[in-house]
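Asks: Chains as they are written, first to last, in the working numbering: chain S, 33 to 359; chain C, 15 to 370.
Beta carbons: idealized from backbone N, C-alpha and C, even for Gly.
Bear in mind the structure is a predicted one, so any value in this text is a computation, not a measurement.
Here you go, one structure.
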């Protein structure tokens with residue numbers, strides 16, 4: 033296994049920053065009423081998302097979940113159509129029909145996020161079946177949370193992927209809370225250890241704020257999948273800074289301030305910036321410039337999302353079938 | 015045009031073989047497909063018979079699945095989104111409920127909510143084992159539930175020729191299709207074209223022409239409606255029998271044209287009465303052809319009760335020649351003429367295919 037080269041290291045930081053700034057902007061937009069509905073941010077989880085997704089090749093597949101913006105961004109999707117989708121515009125990546133919860137960018141192998149917890153896991157498993165039958169060497173990655181780890185479809189999928197040796201990585205983003213419910217109060221045992229019951233590889237990355245640690249573990253899983261070694265269940269422990277969804281005000285304090293402070297003190301982006309500077313991968317000036325580039329990109333995405341028109345009314349009836357029926 | 019006699023089940027098997035031969039992206043996955051348990055993945059009734067699919071197409075393309083409907087359905091959808099054209103054998107229609115989330119939230123919605131980026135060329139086959147004493151857990155006719163899910167296409171063929179032609183179309187299509195086969199029809203024999211052919215979706219078959227009353231019939235109700243029509247013809251009642259063949263899309267034009275001609279409508283549907291296909295068809299006719307109607311529409315459906323095990327009380331529940339005949343008499347004002355006794359409800363010659 034090779035360590036990431038300098039270009040890849042900088043790209044990791046760029047993609048983590050893209051997610052952070054995109055989600056910060058989206059959060060603001062929800063509060064200002066510029067985004068209908070709500071969004072679920074990945075702020076705090078960037079290392080886990082980017083470390084995993086950047087082990088995939090351009091042609092590889094990925095499915096996601098309701099914490100949905102980070103996955104396509106990490107897979108290389110341009111920001112403007114994603115932002116426009118959040119606003120419900122015609123220029124959105126799904127033409128305004130998916131919204132935040134259902135982002136998908138097939139051009140970069142993003143087969144769709146899912147508003148139903150766990151529901152996209154079988155889809156990623158099926159993409160891996162395609163790769164297996166067609167012999168095209170593609171790998172598939174299913175992102176899901178600790179909440180989805182208690183959905184039955186995960187176990188059906190792990191069993192099927194195990195028995196067919198499918199090239200799929202089940203990536204559990206354990207941010208330790210299913211909305212307000214601490215994962216350990218509803219989860220028996222250790223999620224990663226459940227892999228053993230299916231005779232497939234399982235690993236837990238304890239420090240999901242370290243992008244290199246996540247990347248190394250995910251790379252091993254992806255290489256195993258690509259070389260015919262079958263599926264892996266990878267659990268990455270991480271933390272979301274924001275509320276479950278933007279604008280949500282819970283009357284209870286289910287996470288204490290100290291806990292949050294500890295995690296924020298280990299911020300994945302700040303940590304990795306220090307690492308890049310210390311290792312001489314980039315100078316402080318270059319890292320500042322990178323931050324500014326990403327800010328500019330997010331600003332342009334915002335402008336695009338505002339300028340793009342709303343979809344025409346007939347779009348509500350398009351794309352249900354390949355050809356309209358009952359017209 | 016050369017034809018050959020084929021059973022309904024044989025026609026399904028022939029369509030699957032043709033589809034597998036025509037396109038390497040077609041795969042068959044499902045419970046017990048390798049052993050050809052249901053007789054649609056081989057040349058005959060057993061693996062020893064010539065034409066065994068596993069032998070012909072290999073283990074890469076014929077795959078036994080675990081009993082895990084949720085991942086079978088979801089994985090087939092994911093595979094369809096990434097280059098395969100799966101045919102999924104879910105065996106019993108009652109098992110579809112196990113995969114309801116995948117059908118409703120993924121299969122039906124993925125093309126739409128991703129703005130047309132996804133195509134889902136996938137066929138989900140299942141058989142309705144009603145009328146065969148399989149009890150409440152195996153006797154469902156759930157197609158109306160799925161008619162209420164935009165994004166799915168639904169075929170419910172009633173003849174071997176239609177089963178074969180529609181299934182070929184379904185496999186070629188880039189939209190997800192659910193096929194509901196009435197198990198009681200599996201043994202039904204019919205003439206089937208020897209050459210490959212396809213029947214378009216959304217094109218009803220006029221199974222019998224008539225002028226006095228239109229009977230729209232689904233699945234086993236089609237042969238039963240034809241029997242009723244034969245009997246009523248002796249009494250001078252001319253019955254037109256229409257088999258929609260696909261419920262989504264529904265050929266409402268053919269139904270409306272027929273009702274414009276006859277002025278009377280009976281809908282015979284083995285599904286439960288409330289929100290049945292019959293209810294939808296009746297509603298369309300009332301909305302679109304109210305002025306043509308000379309009598310109230312009659313629905314002949316399975317009553318809103320669960321399906322009992324005992325054949326004595328199960329068989330009379332489904333639309334049969336007697337209940338359809340009675341409804342025809344009601345809407346045409348013809349009363350008193352006799353309909354042949356059919357104590358088993360549905361024709362016994364159709365009822366030979368129960369496997370368990």
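Counting beta carbon pairs with one atom in the segment 99-113 of chain S and one in the segment 148-161 of chain S, are three or more of them shorter than 8 Å?
Replies: no
Asks: Could you spell out the range, first to last residue, of the alpha helix (DSSP H) harbouring residue 269 of chain C?
Replies: Residue mapping note: residue 269 of chain C aligns to position 255 of the second chain, counting from 1. 266-276 is the extent of the alpha helix (DSSP H) around residue 269 of chain C.
Asks: With a floor of 3 residues, list each beta strand (DSSP E) that falls wholly inside the segment 210-283 of chain S, ordered by position along the chain.
Replies: 233-237 and 264-269
Asks: Let me see if you follow: with CB-CB separation under 8 Å, is residue 82 of chain C close to chain S or not?
Replies: By 1-based counting over the second chain, the position of residue 82 of chain C is 68. Yes, its Cβ sits closer than 8 Å to a Cβ of chain S.
Asks: Counting only C-beta atoms, is residue 164 of chain C closer than 8 Å to chain S at any point?
Replies: Taking the second chain and counting its residues from 1, the one referred to as residue 164 of chain C is at position 150. Closer than 8 Å: yes.
Asks: Does residue 258 of chain C have its Cβ less than 8 Å from a Cβ in chain S?
Replies: Along the second chain, read from residue 1 onward, the residue named residue 258 of chain C stands at position 244. Closer than 8 Å: no.
Asks: How big is the Cα-Cα spacing for residue 154 of chain S and residue 125 of chain C?
Replies: Taking the first residue of the first chain as 1, we reach residue 154 of chain S at position 122. Taking the first residue of the second chain as 1, we reach residue 125 of chain C at position 111. A direct Cα-to-Cα measurement between residue 154 of chain S and residue 125 of chain C gives close to 16 Å.
Asks: So residue 27 of chain C is in the alpha helix (DSSP H); what residue range does that whole segment cover?
Replies: In the second chain, the residue the question calls residue 27 of chain C occupies position 13. Looking at the DSSP string, the run of the alpha helix (DSSP H) that includes residue 27 of chain C is 22-36.
Asks: Using 10 angstroms around the beta-carbon of residue 184 of chain C, count the other beta-carbons present and answer buried if the total reaches 16, otherwise exposed.
Replies: Working through the second chain from its first residue, we reach residue 184 of chain C at position 170. Buried, by the Cβ-count rule.
Asks: CA-CA distance, residue 349 of chain C and residue 20 of chain C?
Replies: On the second chain, position 335 is the one that residue 349 of chain C refers to. On the second chain, position 6 is the one that residue 20 of chain C refers to. Reliability of the predicted coordinates at residue 349 of chain C is poor, the pLDDT of 49 falling under 50, and the value obtained from them is presented with this limitation in mind. Spanning the two alpha carbons is a distance of roughly 38 Å.
Asks: By DSSP, does residue 163 of chain C sit in helix, in strand, or in coil?
Replies: Within the second chain, the letter at position 149 stands for residue 163 of chain C. Here residue 163 of chain C sits in coil by DSSP.
Asks: Taking residue 165 of chain S as the reference, which of C:96, C:138, C:109 and C:29 has the closest Cα?
Replies: Counting from one through the first chain, the residue named residue 165 of chain S turns up at place 133. Residue C:96 is the option with its Cα nearest to residue 165 of chain S.
Asks: Going by other Cβ atoms of all chains shown within 10 Å of its Cβ, with 16 needed for buried, is residue 45 of chain S buried or exposed?
Replies: Position 13 of the first chain holds residue 45 of chain S. Buried is the call here.
Asks: Could you please give the first and the last residue of the uninterrupted beta strand (DSSP E) stretch that includes residue 285 of chain C?
Replies: In the second chain, residue 285 of chain C corresponds to position 271, counting from 1. Run containing residue 285 of chain C: 279-286, per the beta strand (DSSP E) assignment.
Asks: If you follow the alpha helix (DSSP H) that residue 92 of chain C is part of, which residue opens it and which one closes it?
Replies: Translated into positions along the second chain, residue 92 of chain C becomes position 78. Taken as a continuous stretch (DSSP letters only), the alpha helix (DSSP H) holding residue 92 of chain C covers 83-94.
Asks: With DSSP as the reference, please indicate the residues paired to residue 126 of chain S in a beta bridge.
Replies: By 1-based counting over the first chain, the position of residue 126 of chain S is 94. Paired residues: none, contrary to the question.
Asks: Taking the straight line between their C-alpha atoms, what separation do you get for residue 29 of chain C and residue 132 of chain C?
Replies: The count along the second chain starts at 1 and reaches residue 29 of chain C at position 15. The count along the second chain starts at 1 and reaches residue 132 of chain C at position 118. Answer to the nearest angstrom: the Cα atoms are 26 Å apart.
Asks: Just list the residues that DSSP pairs residue 132 of chain S with in beta bridges.
Replies: Taking the first residue of the first chain as 1, we reach residue 132 of chain S at position 100. Residue 132 of chain S is not bridged to any residue.
Asks: Starting from residue 124 of chain C, trace the alpha helix (DSSP H) both ways and give me its first and last residue.
Replies: Looking up residue 124 of chain C in the second chain gives position 110. That run of the alpha helix (DSSP H) goes 124-127.
Asks: Between S:207, S:89, S:78 and S:255, which lies nearest to residue 198 of chain S when the distance is taken from Cα to Cα?
Replies: In the first chain, residue 198 of chain S corresponds to position 166, counting from 1. Of the listed residues, the one whose Cα sits closest to residue 198 of chain S is S:255.
Asks: Could you spell out where the beta strand (DSSP E) holding residue 204 of chain S opens and where it closes?
Replies: Residue mapping note: residue 204 of chain S aligns to position 172 of the first chain, counting from 1. Where residue 204 of chain S is concerned, the enclosing beta strand (DSSP E) stretches over 200-206.
Asks: Taking 7 Å as the limit between beta carbons, can you name the residues of its chain near residue 313 of chain S, skipping five residues before and five after?
Replies: Residue 313 of chain S sits at position 281 when you count from the first residue of the first chain. Excluding positions up to five away in sequence, the list reads 38, 41 and 42.
Asks: Can you give the Cα-Cα distance for residue 283 of chain C and residue 315 of chain C, rounded to whole angstroms?
Replies: One-based indexing of the second chain puts residue 283 of chain C at position 269. One-based indexing of the second chain puts residue 315 of chain C at position 301. So the two alpha carbons sit approximately 5 Å from each other.
Asks: For the beta strand (DSSP E) containing residue 106 of chain C, list its first residue and its last residue.
Replies: Here the question's residue 106 of chain C lines up with position 92 in the second chain. Run containing residue 106 of chain C: 99-106, per the beta strand (DSSP E) assignment.
Asks: Which residues bound the alpha helix (DSSP H) around residue 336 of chain S?
Replies: Within the first chain, residue 336 of chain S is the residue found at index 304, counting from 1. Element bounds for residue 336 of chain S: 316-339.
Asks: With a threshold of 8 Å between beta-carbons, can residue 47 of chain C be considered close to chain S, or not?
Replies: Locating residue 47 of chain C in the second chain gives position 33, where the first residue counts as 1. No, no contact with chain S.
Asks: Check the C-beta distance from residue 270 of chain S over to residue 241 of chain S and give it rounded, since I have them as a contact under 8 Å.
Replies: Taking the first chain and counting its residues from 1, one reaches residue 270 of chain S at position 238. Taking the first chain and counting its residues from 1, one reaches residue 241 of chain S at position 209. With a Cβ gap of about 7 Å, residue 270 of chain S and residue 241 of chain S count as contacting.
Asks: Looking at chain C, is there any beta carbon in it that lies within less than 8 Å of the beta carbon of residue 143 of chain S?
Replies: If you number the first chain from 1, residue 143 of chain S lands on position 111. Proximity of residue 143 of chain S to chain C, defined by a Cβ-Cβ separation below 8 Å, is satisfied.
Asks: Cα separation between residue 92 of chain S and residue 168 of chain S?
Replies: As a position in the first chain, residue 92 of chain S is number 60, starting the count at 1. As a position in the first chain, residue 168 of chain S is number 136, starting the count at 1. So the two alpha carbons sit approximately 10 Å from each other.
Asks: Decide if the segment 30-50 of chain C is in contact with the segment 172-190 of chain C; the criterion is three or more beta carbon pairs, one per stretch, under 8 Å apart.
Replies: yes
Asks: What residues in its chain sit with their C-beta under 8 Å from that of residue 88 of chain S, if we drop five residues either side in the sequence?
Replies: Counted from its first residue, the first chain places residue 88 of chain S at position 56. So the qualifying residues of the chain are 94, 107, 141, 171, 173 and 254.
Asks: DSSP on residue 18 of chain C, reduced to helix/strand/coil?
Replies: In the second chain, counting from the first residue as 1, residue 18 of chain C sits at position 4. Strand at residue 18 of chain C.
Asks: Using the three-state DSSP reduction, which class does residue 172 of chain S fall into: helix, strand or coil?
Replies: In the first chain, counting from the first residue as 1, residue 172 of chain S sits at position 140. DSSP places residue 172 of chain S in strand when its eight states are reduced to three.
Asks: Return the bridge partner residues of residue 137 of chain S from the DSSP annotation.
Replies: Counting from 1 along the first chain, the entry for residue 137 of chain S is found at position 105. DSSP output for residue 137 of chain S lists S:142 as bridge partner(s).
Asks: Output, in chain order, the set of chain S residues within a Cβ distance shorter than 7 Å of residue 119 of chain C.
Replies: In the second chain, counting from the first residue as 1, residue 119 of chain C sits at position 105. Near residue 119 of chain C (Cβ distances below 7 Å), the residues of chain S are 148 and 151.
Asks: Taking residue 251 of chain C as the reference, give the member of C:263, C:50 and C:342 with the closest Cα.
Replies: Taking the second chain and counting its residues from 1, the one referred to as residue 251 of chain C is at position 237. Nearest in C-alpha terms to residue 251 of chain C, of all of C:263, C:50 and C:342, is C:342.
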